[in-house]
Amino acid sequence: MTSSALLVLVALAALGTGVALVLRPRRASTIDYYLAGQRVGVLTNASAICGDYISAASFLGVAAAVYASGLDGAWYAAGFTAGFVPIVLFVAAPLRRFGGFSVPDFLGRRMESHVVRLTAVAVVMIVIGAYVLPQVVGTGLTWQLLTGVTIPGLDPYGTGVVVNTAVITALVVAGGMRGTTWTQAVQFIILLVILLWLTGVVTQAGFRYPDAIGDLVDEPLSQVVREGGDLVVRPTTNLMHPDEPATFGQPGGRSDAPGQLALVLTLVLGTSGLPHVLNRFFTAPTGRSARTTAKWVLVFASSFYILAVMLGIAARTILDGAAEGRPWLADLMVDGVLAVPEQSLLVLGRLYGGTVGLGVVTLGALVAVMSTMAGLLLAAAASVGHDLYEQHVNRRATTRQALIAGRMTIIAVALVATVVALAIGPQIVDGRFSSLIAQMVTWALAIAGSALTPALILAIWWPRVTAAGLCAGMLTATALALTLIGVGIGIEAEAHGLAALLLTPTPLAATVNLVVTVVVSLRTTPPPGTDDALVRMHGTGADRRAEALAELTIRGL
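Take the sequence shown: its position 127, counted from the start at 1, is 129 in the numbering used here, and no numbers get skipped.
Here it is, written out as structure tokens:
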């Protein structure tokens, strides 16, 4: 097992290093490093966005949430996919037409305000930090199951966190957006193939989705919790019908009806405001190609999440009683229930493919983490290296100095995430959440959906919005979302239904953002270039024909 783990990591690192070296930006321009020269094709970009977006929360967390809480866990897949609908309808094309290096760059230039840019940088860095952390945790969980290799002073979880984060950081620093784009596109294909393979082997072994749903729909839910230092299994409380047991096929195992609605809205709005995803649309040649890219992302993401939900159900069906005669699996379970639900796909891989199967699924988990972390770290580099350093700290910075600032940001963000991930390691199993990784990503999405999504929609579509209004709205929403999440973490969800709303605060915080932004904007003056900005974003018939001609020219047709 140790040798398999090392081979997986070495092969993955070699692939990423090769792509990074071959496609690294040679002209040393910020457009090449951050935007891949703005010449990324539709299908390549769509695949790269999926690789960027489909994180450990998706590859490990969605199946884990379904395994642990049934229908309530499937809401994650629905929300993660539906989040691209607003991007297709309202954001992708106008964002690319206006142009920019990043979300803060777009907002700052649209509002002709350095204060807006700096405010957006602060919010983006909070979102990136919150999103990087669960990816790093995912690397530790994967390594913990895969191998016993340790660094002196660290357990397997801590070793995975340190080793994998160091490898990913080095690849991003070397490759920039061009190398990362092609790496992420390939990585998404790897993820999809692995899920298809795993679906195929469980189906060949006798798993049938309709039969499994029929068998599981009335099965009582239970969860692993820590009591007095020991792990025990206890029945899950039905939050929608307290007098009835929580079951796999009925909602209520993790939140009541308002909580489920709040979760889906948080995931949808949060996805629409994720800086590392939105930054990718700036790499498209035109606004039209950016919208087409977003449509293909919907197709690719839907396929992935359908498979993830099916495999979560397969794990619930197959692993019940599978520990008999398998000591390695018994060590991972408490009274027939996986102690760490995020290991469900990894266990299925080993169950049907032995150490090779475990290595294949582990490859997928490491690929998912690497892909998403790469996008997040590049988004952090663009926000600090370009939006902060070049625009405010050193206006006379050379390209080399700006790129150094961005690369140092990548290293700093990775280091902080590593330290925090090592600190929270002992809290991974506490029974509070169906999937800790998915829940942590939800908090990052909550901040993005509360602060950035309303700001982007208003900046793109409302002519009356002002710099003061956007700043007031973003700051208020960020503070409110962080406060509500902090309060919610301190409340036991089973004891107080309000906790579900506190942990997914986007509907409330985004509404407050809109109200504050509108009220302040109506009392202040829009930037003088508003009319020109709106024409640039939304264009005219002649503009769209010229854009189509430009796209054909770029493709060489």
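Note that the Cβ used here is the ideal one computed from N, Cα and C, for glycine as well.
Helix, strand or coil for E246, going by three-state DSSP, please let me know. Here E246 sits in coil by DSSP.
For G433, does the three-state DSSP call read helix, strand or coil? With a pLDDT of 48 at G433, under the threshold of 50, the modelled position of this residue cannot be trusted; read the value that follows with caution. Secondary structure at G433: coil, using DSSP grouped into helix, strand and coil.
Leaving out the 5 sequence neighbours to the left and right, which residues in its chain are closer than 7 Å to R236 when beta-carbon positions are compared? Closer than 7 Å at Cβ, skipping near neighbours: S224, Q225 and V227.
Terminal residues of the continuous beta strand (DSSP E) containing D232? Residues D232 to P237.
Measuring from the CB of L500, is there a heavy atom of the ligand HEM at a distance below 7 Å? The model depicted lacks the ligand HEM and carries no ligand whatsoever.
C-alpha gap between Q146 and L309, whole angstroms: For Q146 and L309, the distance between alpha carbons rounds to 25 Å.
Can you have a look at N281 and say buried or exposed, based on whether 16 or more other CB atoms are within 10 angstroms of its CB? Per the 10 Å Cβ criterion, buried.
Leaving out five residues on either side along the sequence, give the residues of the same chain with a beta carbon under 8 Å from the beta carbon of I439. Non-local beta-carbon contacts of I439 in its own chain, meaning distances under 8 Å to residues more than five positions away in sequence, involve A58, A59, L62, G63, A66, P136, V139, G140, L143 and E344 in chain order.
What would DSSP say about M113, mapped onto helix, strand or coil? If DSSP states are grouped into helix, strand and coil, M113 belongs with coil.
Which residues in the same chain as V336 place their Cβ atom closer than 8 Å to its Cβ, once the five residues preceding and following it in sequence are excluded? The beta carbon of V336 lies closer than 8 Å to those of V226, L233, V234 and V235 in the same chain, with the five residues before and after it left out.
At a cut of 8 Å, does the region 182-198 reach the region 358-373 through at least three beta carbon pairs? A contact exists between the region 182-198 and the region 358-373.
Measure the C-alpha to C-alpha separation of A259 and V369 and round it to an integer number of angstroms. About 35 Å.
So does the region 264-275 actually touch the region 77-84, counting three or more Cβ pairs closer than 8 Å? Flag = yes, the region 264-275 and the region 77-84 touch.
Sequence-distant residues of the same chain with beta carbon closer than 8 Å to A341, five excluded per side: Same-chain partners within the cutoff: V226, L233, L334, M335 and V431.
Suppose you measure from the CA of L197 to the CA of Q189; what does that come to, to the nearest Å? Answer to the nearest angstrom: the Cα atoms are 13 Å apart.
If you drop the 5 nearest sequence neighbours on each side, which residues of the same chain put their C-beta closer than 7 Å to that of H540? Cβ neighbours of H540 beyond the five flanking positions: P96.
So, helix, strand or coil for E229, using DSSP? Correct three-state label for E229: strand.
Label V266 either buried or exposed according to how many other C-beta atoms from any shown protein chain fall within 10 Å of its C-beta, with 16 as the threshold for buried. V266 should be labelled buried.
Along the alpha helix (DSSP H) that carries F302, what are the first and last residues, could you check? Where F302 is concerned, the enclosing alpha helix (DSSP H) starts and stops at G289 to I320.
Three or more C-beta pairs below 8 Å linking the region 311-318 and the region 200-214: Output reads yes: the region 200-214 touches the region 311-318.
Among G387, T152 and G289, the one whose alpha carbon lies nearest that of M410: Put simply, of G387, T152 and G289 the residue whose alpha carbon is nearest the alpha carbon of M410 is G387.
Got a sec? Which residues, its chain only, sit under 7 Å from E221 by beta carbon, not counting five neighbours each side? Apart from the 5 residues on each side of it in sequence, E221 sits with its Cβ closer than 7 Å to the Cβ of T249 and F250 in its chain, given in chain order.
Which residue's Cα is closest to the Cα of R328: L350, P509, M312 and A407? For R328, the nearest C-alpha among the options comes from L350.
Which class does P507 belong to by DSSP, given the choice of helix, strand or coil? Coil.
Determine the DSSP secondary structure at V73, reduced to helix, strand or coil. A quick correction: the sequence has Leu, not Val, at residue 73. Helix, per DSSP.
Could you pull out every residue in the same chain whose Cβ sits closer than 7 Å to the Cβ of A423, ignoring the five residues on either side in sequence? The answer, listed in chain order, is L135, V138, V139, G142 and V163.
Residue nearest to A414 in terms of C-alpha spacing, selected from L380, G490, V117 and V219: Ranking the options by Cα distance to A414, first place goes to L380.
Can you tell me whether S274 is helix, strand or coil according to DSSP? In the three-state DSSP reduction, S274 falls in the helix class (H, G or I).
Could you please give me the residues that DSSP links to P222 through a beta bridge? In the DSSP output, where bridge partners are listed per residue, P222 has T249.
Just grab the DSSP bridge partners of M335 for me. In the DSSP output, where bridge partners are listed per residue, M335 has L340.
I need the DSSP call for S257, collapsed to helix, strand or coil. S257 falls in the coil class under three-state DSSP.
Report the residue from T532, A535, T46 and D54 whose alpha carbon sits nearest the alpha carbon of H278. If we check each option's Cα against that of H278, D54 comes out closest.
Contact belief for V90 with R398 at Cβ below 8 Å, rounded distance in angstroms: That belief does not hold up - the Cβ atoms of V90 and R398 are roughly 40 Å apart, past 8 Å.
What does the Cβ neighbour count give for L321, buried or exposed, with the cut at 16 atoms within 10 Å? Classification for L321: buried.
Take every Cβ of the region 119-127, pair it with every Cβ of the region 294-308, and state whether three or more of those distances are shorter than 8 Å. Taking 8 Å as the limit for Cβ pairs, the verdict is that the region 294-308 does not touch the region 119-127.
Taking 8 Å as the cut-off, does the region 283-292 touch the region 524-536 (at least 3 CB pairs, one atom from each stretch)? Judged by Cβ distances under 8 Å, the region 524-536 makes no contact with the region 283-292, as fewer than three pairs qualify.
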